[in-house]
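So for the sequence shown, the UniProt record's numbering puts the first residue at 1; every next one is plus one.
The structure under discussion appears below in the form of C-alpha cells.
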Amino acid sequence: MSTNGPRKPVDPHVLVAQVVTTKQVSPHLRRVTLGIDDIDRLTLVGDDQWFRLFLPRPGQDALRLPSRTSSLGWYAQYLAMPRPRRPLVRNYTIRAARPELREIDVDLVLHGDDDAHAGPGATFARTARPGDTVGILDQGAYHRPRAECGWTLLVADESGLPAVAGICESLPDDARGVAVVEVPTADDRQDFRVPDGVDLRWVERDRAAADDPALGAVPGRAALAFVRQAEVPAGTGYALVAGEQALAAGVRRHLVNERQWSKAHVDFVGYWRHGKASPS
1 MSTNGPRKPV DPHVLVAQVV TTKQVSPHLR RVTLGIDDID RLTLVGDDQW FRLFLPRPGQ
61 DALRLPSRTS SLGWYAQYLA MPRPRRPLVR NYTIRAARPE LREIDVDLVL HGDDDAHAGP
121 GATFARTARP GDTVGILDQG AYHRPRAECG WTLLVADESG LPAVAGICES LPDDARGVAV
181 VEVPTADDRQ DFRVPDGVDL RWVERDRAAA DDPALGAVPG RAALAFVRQA EVPAGTGYAL
241 VAGEQALAAG VRRHLVNERQ WSKAHVDFVG YWRHGKASPS
C-alpha cells in the first residue's frame, strides 16, 4: 500500500524474458539476470522500478501469459484463464538494467535452506537455469520525492534492499538523508553507490536477536526499533518504507503519530506478510 500511489508505468507491455545467468550475491539473496529481446518496450526509470513476474505453474508444459497490458485488462484476462493454466505472479524490483545488452538484474530473497517451505519466487531463484522463460509487466515506481522535502528517509528489510539500492543509485549527488536496511546477517550487506549526504545504516537481524530475541522473531522488527530511536536530519523529510507489512505500517505510524510527519510525505508498501503466503 502507498499513501499516494506509485508512479505509473509508461506504455506497459507483457514482455517475454529468458534467464541468462544466476548468481548468489549473499547468503539470503540470489540474483537472476533476465534477457529481454524487446527491452525497448520497457521504459526504464531507475529508482525502485517494480514489475509483475509471471512464472510457470508446476506441471505446465508451457508458460501462458496475458496479452492485455492495461492495469485491469491483464488481470481480467488472467482470472479468465483456467487455474491450472494460469502463471504464478509475484512482484519484484529491477535491481539494475543494461539496455545495451538487453538485460535486467533481479534480486530474490531465499527463505530457509531448501524448497520445502519456499514460495514460487524463492523456488524460481533456486532452480532457474539459462533459457528458462518468464514474463514481466512494468508497474512503475513507488519512490516519489516531494519538492517541499529537503531530505529522504528510506527503510526496508531484505525484500526491500533492491529498492533502497536502486533509489540511492538514482539520487542526485547532493541528496541528504538516511537509509535503514535490515538484513538477516552481516554477510547480506551489499555495496552500492550512496550519495555522501545519505547515511546508510545496516541493521543485522541476528545481532539484534542476540540482544533481544523478540526483535529477530519477525523480519522488520529490528529495523522498526532502530527507526524509533534514530536521530534524523532537521527539516521536512520524505520517507519511503518497503518490506514486511508490519514494518511498513509501523514506520509510517511512528513518523505520523510520534514525529508529527504529514501523511502526504510518507509512502509505504508492504511487499509481504510474515506467516502468510501470497495466494497462488
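All C-beta atoms in this analysis are idealised placements derived from N, C-alpha and C, irrespective of residue type, glycine included.
Quick caveat, the model's predicted, so the values are computed rather than measured.
Grab the span of the alpha helix (DSSP H) containing residue i for me, first residue to last.
i: Val227; result: Arg221 to Gln229
i: Tyr142; result: Taken as a continuous stretch (DSSP letters only), Tyr142 belongs to no alpha helix (DSSP H), as it is neither H nor E.
i: Gly121; result: Pro120 to Thr127
i: Ile167; result: Leu161 to Ser170
i: Leu79; result: Gly73 to Ala80
i: residue 312; result: Shown here, the chain extends from 1 to 280; a query on residue 312 therefore has no answer.
Along the beta strand (DSSP E) that carries residue i, what are the first and last residues, could you check?
i: Ala17; result: Val14 to Ser26
i: Gly177; result: Gly177 to Val183
i: Val10; result: It is not in any beta strand (DSSP E) - Val10 carries neither H nor E in the DSSP assignment.
i: Leu108; result: Glu103 to Val109
i: Ala96; result: Ala96 to Arg98
i: Thr33; result: Leu29 to Gly35
Tell me, to the nearest whole angstrom, how far the beta carbon of residue i is from that of residue j; I am working on the premise that it is less than 8 Å.
i: Ala17; j: Gly35; result: 6 Å
i: Leu53; j: Val89; result: 7 Å
i: Asp105; j: Arg207; result: The Cβ separation is near 28 Å, so there is no contact.
i: Pro195; j: Ala210; result: 32 Å between Cβ atoms; not a contact.
i: Val183; j: Arg189; result: 6 Å
i: Glu148; j: Thr236; result: 6 Å
i: residue 282; j: Ala239; result: Missing from the structure shown is residue 282; the chain here goes from 1 to 280 and no further.
i: Ser67; j: Gln77; result: 7 Å
Tell me, please, which residues DSSP counts as bridged to residue i.
i: Trp272; result: Glu244
i: Asp199; result: Val178
i: Arg90; result: Leu53
i: Trp151; result: Gly237
i: Ile136; result: Leu15 and Leu53
i: Ala156; result: Val181 and Ala242
i: Val266; result: Ala239
Are the CB atoms of residue i and residue j nearer to each other than 8 Å?
i: Val180; j: Ala234; result: no
i: Gly275; j: Ala249; result: no
i: Arg57; j: Pro84; result: yes
i: Leu108; j: Pro87; result: no
i: Val178; j: Leu215; result: no
i: residue 300; j: Ala125; result: Residue 300 is absent from the structure shown; the chain starts at 1 and stops at 280.
i: residue 281; j: Arg273; result: The question about residue 281 has no answer, for the chain in this structure spans 1 to 280.
i: Val134; j: Val241; result: no
i: Thr123; j: Pro27; result: no
i: Pro130; j: Thr43; result: no
i: Leu29; j: Glu158; result: yes
i: Arg259; j: Arg144; result: no
Would the C-beta of residue i count as close to the ligand NAD, meaning under 7 Å from any of its heavy atoms?
i: Asp188; result: This structure lacks the ligand NAD, and indeed carries no ligand of any kind.
- Does the pairing of the stretch 154-173 with the stretch 46-61 give three or more beta-carbon distances under 8 Å? Remark: three or more beta-carbon pairs, one from each stretch, lie closer than 8 Å, so the stretch 154-173 and the stretch 46-61 are flagged as touching.
- Message: Check whether the stretch 212-231 and the stretch 130-141 are in contact - that is, three or more C-beta pairs closer than 8 Å.
- Response: Proximity of the stretch 212-231 to the stretch 130-141 falls short of the contact definition, fewer than three beta-carbon pairs being nearer than 8 Å.
- Does the stretch 6-23 come close enough to the stretch 38-45 to have 3 or more Cβ pairs within less than 8 Å? Taking 8 Å as the limit for Cβ pairs, the verdict is that the stretch 38-45 does touch the stretch 6-23.
- On the three-pair Cβ rule with 8 Å, is the stretch 164-175 touching the stretch 247-265? Because the criterion of three Cβ pairs below 8 Å is not met, the stretch 164-175 and the stretch 247-265 do not touch.
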